[in-house]
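Enquirer: Numbering-wise, our numbering comes out as the position in the sequence shown, counting from 1, plus 12.
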Amino acid sequence: MRNIIPECWFDKELLLQLRITQKQINKVTDITDVVKKLNEQIYSNKVALGLIDEDLNSSRPSSFSEFQVIKEAHQLMWKQKPNTRHILIVIRPRLEDWLYAVAKTGNVNPSTKPYLLPKTPKELHDDYTAKRQVSESKNVMSFLKDVIAANPPQIQTLKTWLQEIQSL
Numbered sequence: 013m014r015n016i017i018p019e020c021w022f023d024k025e026l027l028l029q030l031r032i033t034q035k036q037i038n039k040v041t042d043i044t045d046v047v048k049k050l051n052e053q054i055y056s057n058k059v060a061l062g063l064i065d066e067d068l069n070s071s072r073p074s075s076f077s078e079f080q081v082i083k084e085a086h087q088l089m090w091k092q093k094p095n096t097r098h099i100l101i102v103i104r105p106r107l108e109d110w111l112y113a114v115a116k117t118g119n120v121n122p123s124t125k126p127y128l129l130p131k132t133p134k135e136l137h138d139d140y141t142a143k144r145q146v147s148e149s150k151n152v153m154s155f156l157k158d159v160i161a162a163n164p165p166q167i168q169t170l171k172t173w174l175q176e177i178q179s180l
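(1) Quick one, which of Lys-83, Thr-41, Ile-101 and Ile-82 has its alpha-carbon nearest Ala-60's?
(2) If you count every other CB in all the chains shown that lies within 10 Å of the CB of Asp-109, and 16 or more means buried, which is it?
(3) Determine whether the beta carbon atoms of Glu-19 and Leu-88 lie at a separation below 8 Å.
(4) Just to confirm my understanding: we take Tyr-127, look at its own chain, exclude 5 residues before and 5 after, and list those with CB closer than 7 Å. What are they?
(5) Flag this pair as yes or no: are the beta carbons of Asp-97 and Lys-58 separated by less than 8 Å?
(6) With a threshold of 6 Å on Cβ separation, who are the neighbours of Thr-117 within its own chain once the five nearest residues in sequence on each side are excluded?
(7) With DSSP collapsed to three states, give me the class of Lys-143.
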């Protein structure tokens with residue numbers, strides 16, 4: 013079942029690198045669509061996970077406020093809608109900012125060889141990760157894989173939460 017709903021292409025690539033299968037993913041276009049999808053009848057009695065980031069430029073649907081914070085760690089927030097198994101993992105602030113901070117913790121430098129990526133998370137977003145073809149960028153994908161392989165605490169937390177949610 014496609015019960016994991018990432019908000020953007022780069023969120024989807026992150027999930028795939030964390031060994032979530034393509035069959036589990038139901039990619040949508042923005043935070044509003046993630047929350048709408050979680051409210052669909054198909055998920056009414058099932059575990060459903062939305063993966064979003066805290067992009068301050070994105071609008072939030074009114075039903076977003078129904079999700080309550082369950083726990084927080086490493087700029088990640090687990091929110092759950094009461095009396096459901098509908099969960100949001102919120103990456104803060106924005107995925108690219110979070111990933112650059114995670115990379116620093118794991119001693120992976122995005123702007124050096126072999127990645128040669130932009131020095132700022134905003135440039136990474138604008139030049140690469142906001143595009144559907146993000147998976148075709150060898151440098152971005154290599155960077156993402158190496159950050160995950162470094163396994164800093166932020167990645168460990170995200171992996172643990174994904175495992176917990178899948179076992180609900």
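Glycine is no exception: its CB is placed at the ideal position from the N, C-alpha and C atoms.
Treat the numbers as computed from the prediction; the structure is a model and nothing was measured.
Expert: From the atom records:
(1) Ile-101
(2) By the neighbour-count criterion, in which a residue is buried when 16 or more other Cβ atoms sit within 10 angstroms of its Cβ, Asp-109 is buried.
(3) Against a cut-off of 8 Å, the Cβ pair of Leu-88 and Glu-19 comes out as no contact.
(4) Asn-151, Ser-154 and Phe-155
(5) It should be pointed out that residue 97 corresponds to Arg in this sequence rather than to Asp. Against a cut-off of 8 Å, the Cβ pair of Lys-58 and Arg-97 comes out as a contact.
(6) Pro-164
(7) In the structure shown, Lys-143 sits in coil (DSSP, three-state: anything other than H, G, I, E or B).
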